[in-house]
Amino acid sequence: MASVALSEAEKVYIMHGVQEDLRVDGRGCEDYRCVEVETDVVSNTSGSARVKLGHTDILVGVKAEMGTPKLEKPNEGYLEFFVDCSANATPDFEGRGGDDLGTEIANTLYRIFSNKSSVDLKTLCISPREHCWVLYVDVLLLECDGNLFDAISIAVKAALFNTRIPRVRVLEDEEGSKDIELSDDPYDCIRLSVENVPCIVTLCKIGYRHVVDATLQEEACSLASLLVSVTSKGAVTCLRKVGKGSLDPESIFEMMETSKRVGKVLHASLQNILHKEESLGPKRQKVGFLG
Amino acid sequence: MKPYGFLAVPRCDSAWPAKIRGSRARALPDRALVNCQYSSATFSTGERKRRPHGDRKSCEMGLQLRQTFEAAILTQLHPRSQIDIYVQVLQADGGTYAACVNAATLAVLDAGIPMRDFVCACSAGFVDGTALADLSHVEEAAGGPQLALALLPASGQIALLEMDARLHEDHLERVLEAAAQAARDVHTLLDRVVRQHVREASILLGD
């Protein structure tokens, strides 16, 4: 992970500030930085989203392709995640340097979405045991300024909301062979319901308190963090501790309560933004990559 | 660590050359080492790409970019250093090499690294007796001859020239001229943008 070198004095300053609920940029312990979300930024994809959380910049593209369903789930499609850490974020990611981090993030995403209630995979089925839609969700990390998991989960949710899968019909002729016909209308498509898609809230333990949405500097002061995956209703679907330090069981319960609180607010604002963006329709001014 | 030079172009997102890097083992005693990496996002092309970088085409592009910029950057002014140019393609619709070179030129200028001249690039092709400049993906896929040209506009020197498929030598001059003219047009645009940016920056600094 991209890291920043901090002196002991700077670490002490940050820790003391956090004890008083005052962070370096003036936020409270449970405040997020300003999040910018924009969908439909890459035209080659079925759905895309770009999220900027402070200086952390994530671009997610979803491509829908036809494939065969998995043997153990013949009536469902599935999602495949791939995370690419661009060398633009830090020169350490050049070549294969970003592979470790990319695999870690992709595995976390797989775990979150392995929950049956996150996405209704039955809508991705075309004909049982033969054809289904496979959604390739590709995450591109353009710039890293702390709190990668949160930003990535927000971007994945926004991209899935934006995904439009063409509607297909299966035609069976007399011999029993099946033919797949694409709808003539390019706007005739199926959308995924992202009501239950969770978002990750990362809580970093700094001193005796924990903070939400840590910057790179704050992550350098924290020895242990908790990744909590929260749905819009406040249900926790996945929990993971990262970092070399250890956590008290009481702190873990406290952090979980904070994450549920913060997660609900995050989901509400995200839904708001996504619906507002969609209601603007084709007249929306797109900022894209030039902003 | 923030990039020293950064530019976003609708099809190609380019990032920065870093000034001094740790790997002195690879450093050259009399000039700077230019290191380029070309990476294109898996969702950038119509068909999903399996690997963003590390495959043959990306490595080849990286080498071509390196050759182009070694010709333009004044490497003697920065001995025992390394300049990293990382190009990230977000969406590809033909002419990726040209877009990469144009974006990287601006990024290098933004980083303050001295160059001989702008490097402007354009692709060109030949269809039905007509020379075409700046081919789109559909035109590239049609299979005709394709030429990629990187030019240093002030002197007219060519930094990189590459051509695929067969083209009769009688037509070469026309195709080359089409690419060169398009590159010169790109230069006019880049020059105007850079001057405007410098003007705005100096106003903000209060000079």
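Chains as they are written, first to last, in full-length UniProt numbering: chain A, 1 to 291; chain Y, 1 to 207.
All C-beta atoms in this analysis are idealised placements derived from N, C-alpha and C, irrespective of residue type, glycine included.
Just so it is clear, the structure is predicted and the values come from calculations on it, not from any experiment.
Residue interval of the beta strand (DSSP E) (run including residue i)
| i | result |
| --- | --- |
| A:Ser229 | 224-230 |
| Y:Lys49 | Taken as a continuous stretch (DSSP letters only), Y:Lys49 belongs to no beta strand (DSSP E), as it is neither H nor E. |
| Y:Val89 | 82-89 |
| A:Gly47 | 47-53 |
| A:Glu80 | 78-85 |
| A:Lys178 | 178-182 |
| A:Thr39 | 35-39 |
| A:Gly67 | 56-67 |
| residue 345 of chain A | Given that chain A is displayed from residue 1 to residue 291, the structure contains no residue 345 of chain A and the question cannot be resolved. |
| A:Tyr32 | Premise fails: A:Tyr32 is in no beta strand (DSSP E) and is neither H nor E. |
| Y:Val34 | 33-40 |
Straight-line Cα distance separating residue j from residue i
| i | j | result |
| --- | --- | --- |
| Y:Arg116 | Y:Asn102 | 15 Å |
| Y:Leu149 | Y:Glu162 | 7 Å |
| A:Gly263 | A:Ser225 | 16 Å |
| A:Lys244 | A:Lys205 | 12 Å |
| Y:Ala111 | Y:Glu169 | 40 Å |
| Y:Ala182 | A:Leu182 | 40 Å |
| A:Tyr13 | A:Asp150 | 25 Å |
| Y:Gly5 | A:His55 | At Y:Gly5, the pLDDT of 45 sits below 50, so the modelled position is not reliable; the number obtained from the coordinates is stated separately. Approximately 15 Å, taken between the alpha carbons. |
| A:Leu216 | A:Val4 | 7 Å |
| Y:Val193 | Y:Thr105 | 12 Å |
| Y:Arg56 | Y:Tyr97 | 15 Å |
| A:Lys221 | Y:Val89 | Before going further, note that residue 221 of chain A is Cys rather than Lys in the sequence given. If you take the alpha carbons of A:Cys221 and Y:Val89, they lie about 34 Å apart. |
| Y:Phe43 | A:Gly61 | 6 Å |
| Y:Pro3 | A:Asn88 | For Y:Pro3, the predicted model reports a pLDDT of 42, less than 50, meaning its position is unreliable; a value from the coordinates is still stated below. Going from the Cα of Y:Pro3 to the Cα of A:Asn88 covers about 8 Å. |
| A:Arg33 | A:Lys233 | 22 Å |
| Y:Ala133 | Y:Ala178 | 6 Å |
| Y:Leu204 | Y:Gly94 | 37 Å |
| A:Asn44 | Y:Gln37 | 23 Å |
| A:Leu223 | A:Leu53 | 22 Å |
| A:Leu124 | A:Pro186 | 18 Å |
Continuous alpha helix (DSSP H) stretch holding residue i: start and end
| i | result |
| --- | --- |
| A:Gly17 | 8-19 |
| A:Phe113 | 99-113 |
| A:Phe149 | 148-162 |
| Y:Arg66 | 56-72 |
Residue i CB to nearest heavy atom of the ligand ZN below 7 Å
| i | result |
| --- | --- |
| Y:Gly62 | You won't find the ligand ZN in this model; it holds no ligand whatsoever. |
Contact belief for residue i with residue j at Cβ below 8 Å, rounded distance in angstroms
| i | j | result |
| --- | --- | --- |
| A:Leu140 | A:Ser86 | 6 Å |
| A:Leu121 | A:Tyr78 | 6 Å |
| Y:Cys120 | Y:Pro79 | About 28 Å separates the two Cβ atoms, so there is no contact after all. |
| A:Leu274 | A:Phe161 | 5 Å |
| Y:Gly129 | Y:Gly144 | Incorrect: roughly 11 Å between the Cβ atoms, too far for contact. |
| A:Asp138 | Y:Ala41 | 7 Å |
Going along the chain, which unbroken runs of the beta strand (DSSP E) with 3 or more residues stay wholly within the UniProt domain "Exoribonuclease phosphorolytic" (196-261) of chain A?
-> 199-206, 209-212, 224-230, 236-242
Hey, which unbroken runs of the alpha helix (DSSP H) at 4 residues or more fall wholly within the stretch 95-126 of chain Y?
-> 96-111
Would you mind listing the alpha helix (DSSP H) stretches within the stretch 136-184 of chain Y that are 4+ residues and don't spill past its ends, in chain order?
-> 137-141
Assess, as a yes-or-no matter, whether the stretch 274-283 of chain A is touched by the stretch 234-241 of chain A under the definition of 3 or more beta carbon pairs within less than 8 Å.
-> no
Can we say the stretch 11-28 of chain A touches the stretch 147-162 of chain A, given the rule of at least three CB pairs closer than 8 Å?
-> no
Check each residue of the stretch 37-58 of chain Y: if its Cβ is closer than 8 Å to any Cβ of chain D, include it; give the result in chain order.
-> This model lacks chain D altogether, as its protein chains are A and Y.
If we count Cβ pairs, one from each stretch, closer than 8 Å, do we get three or more for the stretch 171-180 of chain A versus the stretch 95-108 of chain A?
-> Contact fails between the stretch 171-180 of chain A and the stretch 95-108 of chain A, because fewer than three Cβ pairs, one in each stretch, are under 8 Å apart.
At least three beta-carbon pairs within less than 8 Å, the stretch 248-266 of chain A to the stretch 158-172 of chain A | no
If we count Cβ pairs, one from each stretch, closer than 8 Å, do we get three or more for the stretch 65-77 of chain A versus the stretch 49-64 of chain Y?
-> no
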